[in-house]
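Protein chains in written order, with our numbering: chain S, 880 to 1212; chain D, 880 to 1212.
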DNA sequence: GCCGACTGCGCCAACGTTTGCACAGCCTGA
DNA sequence: TCAGGCTGTGCAAACGTTGGCGCAGTCGGC
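Next comes the structure, spelled out in structure tokens:
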């Protein structure tokens, strides 16, 4: 009466094909020194039983699982979900599964995530959360957005300073002299680089420096917290004439804050953003922003890891360029 | 000279603590019949060595891995990435890791994904891709957006017809009589339900039926393809006065198409959408849409799976309500 | 003072797969 | 005729963990 619910194992296949398990294994693996007749018999048996190799057993024997951990701050954010998707594409093509972990931007979670991944014997890690000096995992790792030092197998990041130069240069080229920076807390390397890049670019373009012109939203990177920060900028006696938002969500919050305060963008205050927002061309006003190639970033990072696993890393530190997309929010004609 | 790179195993811990491996295992598991002294000795040894249990070996022995597969059409889409995040939250709290697979909306990929997950001995599956009749996995599965029949452990879906009633009712209440439907190809159950729900609601509200008033974008569900479909609607001799878009990306494409054609929304043509778009309040015009609770959906689905694994499914088919958020695009005052 | 119960621990098998090694049969060449 | 090589297959160990079972020692009750 009881139906055999157990999934068929290699032993079952071997028994059906009248060979030893080791022979069955070799036959399925296309290894040499197996006669054609046996190979066919085993293949038929496997097909007949609907045999699927047990990856867990394979991993145990191989002492490494076909997994790559991807650690991101928040997969609910469009950029990271695209990053993950891009990475998944190239990883799957090489037989790896992605194990995605969210850190919620908390150091403790990152620590737990890395240890969990180690416990699962992952082959490699893509670490996109990049606190400057978290404990280094004992597993081949590609760092995203953290070129701090020579950690891991390789590092990849956006050209944060090139981006800031593009944004600030564009605004300065249109005569803006009071330019503010609206960013998230600079706990990640990219945040630090963007703020530093902003300052350097401002200096280069002779933009007046003003301590109050750097506003930091809270660690949620949410539009709401950016709106609050923007409101503080608007409350200044001498308000800036332009704002550089270091992320798309922040730019959206800034627009909302301007509307609430009755300031028009770009007529009263110009706005540019580092990240190109989803539906950016359709918001009012369309946002001038830097385009990033989210998927490419993930693909590139994954490829870097795969290369590294094969010992073929050529460039251990890659910078991906960004591109300025001019729309209406900067006040261009 | 050679550094011991091998990660410490339970055997190492046992050796250091001068006990048998089985004793070490029990000591770490807080199982009874272990003296307090031994427990402490083992714990100290484990800590000293930085021992991390090998999950692969545990899984092999347990014949099931602490993984839950999550199969989605496209994690690059905001809704699914949030769904995944919500699910991950509750799964991790119960010690499961999420194994996310993209199907790219292709049946073949779904098949491969399911077999891969089985190979990895996952404990359960959240299937959010829901073709009406794909092969059923042999693993406890919660279906999202597919209440077709009594498959799997449980099913969860949005209240698609309630949503359509809200949208069509709202438009009809404002006097619209020529209402068009702009959807993606109805290959998934939710797409079919929305189209059917639209038709039923239109009938109920006495909206004139017109074959040309149903336009289907291509399977990419992209804004661009929606724009093309919208352009076809605008080219009609008697254009509709209102459009119901069955997804946020489609609504965005529709707005873009209207702009390109010089039609104003909502003055010339009203627009409502099933999904609340990211940054929806900021697009021009702000879109009247249904809000879904993306994260909650994922959380709920995961909880349903966990309950099912414990044999405590109360309601095998859950419908999550949606909520109408009225903004400007529908032409309300 | 003896028997039974209980406590604390070790032995061993098992999970499913892979692979080094051994071995049997056959063929070739001297 | 026999050594040596080649071909095809099987045996067994190993990966790290767990849990059933058994065993030695102690303790308590009669």
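Quick reminder that beta carbons are idealized off the backbone N, C-alpha and C, glycines included.
Would you tell me roughly how many angstroms separate the C-alpha atoms of residue 973(S) and residue 1176(D), rounded to the nearest one? Here residue 973(S) is taken as the residue at index 94 of the first chain, counted from 1. Here residue 1176(D) is taken as the residue at index 297 of the second chain, counted from 1. When rounded, the distance between both Cα atoms is 32 Å.
Unbroken beta strand (DSSP E) run spanning residue 1126(D), endpoints: Your numbering for residue 1126(D) matches position 247 in the second chain. Element bounds for residue 1126(D): n/a, residue is neither H nor E.
Beta carbon of residue 984(S) nearer than 8 Å to that of residue 1098(S): Numbered from its first residue, the first chain carries residue 984(S) at position 105. Numbered from its first residue, the first chain carries residue 1098(S) at position 219. In this structure, residue 1098(S) lies closer than 8 Å to residue 984(S) by Cβ.
Helix, strand or coil for residue 897(D) per DSSP? Stepping through the second chain from its first residue, residue 897(D) is reached at position 18. Three-state result, residue 897(D): coil.
Could you pull out every residue in the same chain whose Cβ sits closer than 6 Å to the Cβ of residue 965(S), ignoring the five residues on either side in sequence? Residue 965(S) sits at position 86 when you count from the first residue of the first chain. When the five nearest sequence neighbours on each side are left out, the beta carbons in the same chain lying within less than 6 Å of the beta carbon of residue 965(S) are those of 1174, 1177, 1178, in order along the chain.
Do the CB positions of residue 1061(D) and residue 1108(D) come within less than 8 Å of each other? Stepping through the second chain from its first residue, residue 1061(D) is reached at position 182. Stepping through the second chain from its first residue, residue 1108(D) is reached at position 229. Yes; because the gap between Cβ atoms is below 8 Å, this pair is in contact.
With distances taken Cα to Cα, identify the nearest neighbour of residue 841(D) among 976(D), 1004(D), 917(D), 1106(D). As shown, chain D starts at 880 and ends at 1212. That puts residue 841(D) outside it, with no answer to give.
CB-CB under 7 Å to residue 1144(D), same chain, minus the five flanking residues each way: which ones, in chain order? Numbered from its first residue, the second chain carries residue 1144(D) at position 265. Listed in chain order, the non-local C-beta contacts of residue 1144(D) below 7 Å within the same chain comprise 1134, 1137, 1150, 1164, 1208, local neighbours out to five positions each way being set aside.
Would residue 898(D) pass as a contact of residue 928(D) if the rule is Cβ separation under 8 Å? Translated into the one-based positions of the second chain, residue 898(D) becomes position 19. Translated into the one-based positions of the second chain, residue 928(D) becomes position 49. No, they are not a contact pair.
Within 8 Å (strictly less), CB to CB, does residue 882(D) reach chain S? Locating residue 882(D) in the second chain gives position 3, where the first residue counts as 1. The predicted position of residue 882(D) is uncertain, since its pLDDT is 43 and thus under 50; no value can be drawn from it.
Does chain D have any CB closer than 8 Å to the CB of residue 1163(S)? Translated into the one-based positions of the first chain, residue 1163(S) becomes position 284. For residue 1163(S), the answer is yes, since a Cβ of chain D falls inside 8 Å of its Cβ.
From which residue to which residue does the alpha helix (DSSP H) around residue 1034(D) run? Numbered from its first residue, the second chain carries residue 1034(D) at position 155. Residue 1034(D) -> not in any alpha helix (DSSP H); beta strand (DSSP E) instead, spanning 1033-1037.
Taking contact to mean 3 or more Cβ pairs, one atom from each stretch, closer than 8 Å, check whether the stretch 948-962 of chain D and the stretch 1188-1201 of chain D are in contact. The stretch 948-962 of chain D is not in contact with the stretch 1188-1201 of chain D.
Residue 1179(D) - containing alpha helix (DSSP H), residue span: By one-based count along the second chain, residue 1179(D) stands at place 300. Taken as a continuous stretch (DSSP letters only), the alpha helix (DSSP H) holding residue 1179(D) covers 1173-1188.
Can you tell me the Cβ-Cβ gap for residue 1031(D) and residue 931(S), rounded? I've got them flagged as a contact below 8 Å. Reading the second chain from its first residue, position 152 is the one you call residue 1031(D). Reading the first chain from its first residue, position 52 is the one you call residue 931(S). In this structure, residue 1031(D) and residue 931(S) do not form a Cβ contact; the two beta carbons are roughly 19 Å apart against a cut-off of 8 Å.
Pick from 946(D), 934(D), 942(D), 1050(D) that is closest to residue 943(S), judged by C-alpha positions: In the first chain, counting from the first residue as 1, residue 943(S) sits at position 64. Nearest Cα to residue 943(S) within the set 946(D), 934(D), 942(D), 1050(D): 934(D).
Assuming residue 1077(D) is part of the alpha helix (DSSP H), what are its boundary residues? Position 198 of the second chain holds residue 1077(D). Counting along the chain, the alpha helix (DSSP H) containing residue 1077(D) begins and ends at 1068-1083.
Local Cβ density within 10 Å of residue 1117(S), reported as buried at 16 or more and exposed below that: For the purposes of this step, residue 1117(S) is identified with residue 238 of the first chain, where counting begins at 1. When all chains shown are included, residue 1117(S) counts as exposed.
Closer than 7 Å between beta carbons: that is the criterion. Which residues of the stretch 938-959 of chain D meet it against chain S? Shown in chain order are the members of the stretch 938-959 of chain D whose Cβ falls below 7 Å from a Cβ of chain S: 938, 939, 944, 954, 955, 957.
Roughly how many angstroms lie between the CA atoms of residue 1085(S) and residue 1158(S), to the nearest whole one? Counted from its first residue, the first chain places residue 1085(S) at position 206. Counted from its first residue, the first chain places residue 1158(S) at position 279. About 33 Å.
So, is residue 920(S) buried or exposed, given that buried needs 16 or more other C-beta atoms within 10 angstroms? One-based indexing of the first chain puts residue 920(S) at position 41. Within a 10 Å sphere around the beta-carbon of residue 920(S) sit 16 or more other beta-carbons, which makes this residue buried.
Using a beta-carbon distance cut-off of less than 9 Å, what residues from the stretch 1170-1186 of chain S approach chain D? Contacts with chain D (Cβ-Cβ distance below 9 Å) from the stretch 1170-1186 of chain S involve 1173, 1174, listed in chain order.
For residue 1194(D) and residue 1053(D), what's the separation of their Cα atoms in angstroms? Here residue 1194(D) refers to the residue found at position 315 of the second chain. Here residue 1053(D) refers to the residue found at position 174 of the second chain. Using only the alpha carbons, I get a separation of about 37 Å.
Report, in whole angstroms, the separation of the C-beta atoms of residue 1148(D) and residue 1121(D), which I expect to be a contact under 8 Å. Counting from one through the second chain, the residue named residue 1148(D) turns up at place 269. Counting from one through the second chain, the residue named residue 1121(D) turns up at place 242. Rounded, the Cβ-Cβ distance is 7 Å, consistent with contact.
Quick check on residue 963(S) - is its C-beta less than 8 Å from some C-beta in chain D? Here residue 963(S) refers to the residue found at position 84 when the first chain is read from its first residue. Closer than 8 Å to some Cβ of chain D, the Cβ of residue 963(S) qualifies, so yes.
Own chain residues within Cβ distance below 6 Å of residue 1057(S), not counting five before or after: Position 178 of the first chain, counting from 1, holds the residue named residue 1057(S). Excluding residues within five positions, the ones whose Cβ falls inside 6 Å are 1119, 1120.
Apart from the five residues just before and just after residue 1142(S), which ones in its own chain have a Cβ nearer than 7 Å to its Cβ? Within the first chain, residue 1142(S) is the residue found at index 263, counting from 1. The answer, listed in chain order, is 1113, 1148.
Between the alpha carbons of residue 1046(D) and residue 981(S), how many angstroms are there, rounded? Position 167 of the second chain, counted from the first residue, corresponds to residue 1046(D). Position 102 of the first chain, counted from the first residue, corresponds to residue 981(S). Answer to the nearest angstrom: the Cα atoms are 35 Å apart.
Residues of the stretch 1109-1139 of chain D whose Cβ lies closer than 9 Å to any Cβ of chain S, in chain order: Those would be 1127, 1128, 1131, 1134, 1135, 1138, in chain order.
Taking 8 Å as the CB-CB limit, is residue 928(D) close to chain S? The sequence position of residue 928(D) within the second chain is 49, counting from 1. Residue 928(D) does not count as touching chain S.
Using a Cβ-based criterion (distance less than 7 Å to any ligand heavy atom), does residue 956(S) qualify as near the ligand GDP? Looking for the ligand GDP in the displayed structure turns up nothing, as the structure carries no ligands at all.
Using only the alpha-carbon positions, how far apart do residue 1036(D) and residue 954(D) sit? What you label residue 1036(D) is simply residue 157 of the second chain in a count that begins at 1. What you label residue 954(D) is simply residue 75 of the second chain in a count that begins at 1. Straight-line spacing of the CA atoms in residue 1036(D) and residue 954(D) works out to 18 Å.
Beta-ladder partner(s) of residue 1213(D), from DSSP: The question about residue 1213(D) has no answer here: the residues shown for chain D are numbered 880 through 1212.
Are residue 1168(D) and residue 1127(D) close, meaning C-beta to C-beta below 8 Å? Taking the first residue of the second chain as position 1, residue 1168(D) is located at position 289. Taking the first residue of the second chain as position 1, residue 1127(D) is located at position 248. Yes, Cβ-Cβ distance for residue 1168(D) and residue 1127(D) is below 8 Å.
Nearest residue (CA-CA) to residue 1019(D), options 1041(D), 1040(D), 996(D), 1026(D): Taking the first residue of the second chain as 1, we reach residue 1019(D) at position 140. Of the candidates 1041(D), 1040(D), 996(D), 1026(D), the one whose C-alpha sits nearest the C-alpha of residue 1019(D) is 996(D).
On the three-state DSSP scale, how would you describe residue 1064(D)? Counted from its first residue, the second chain places residue 1064(D) at position 185. In the structure shown, residue 1064(D) sits in coil (DSSP, three-state: anything other than H, G, I, E or B).
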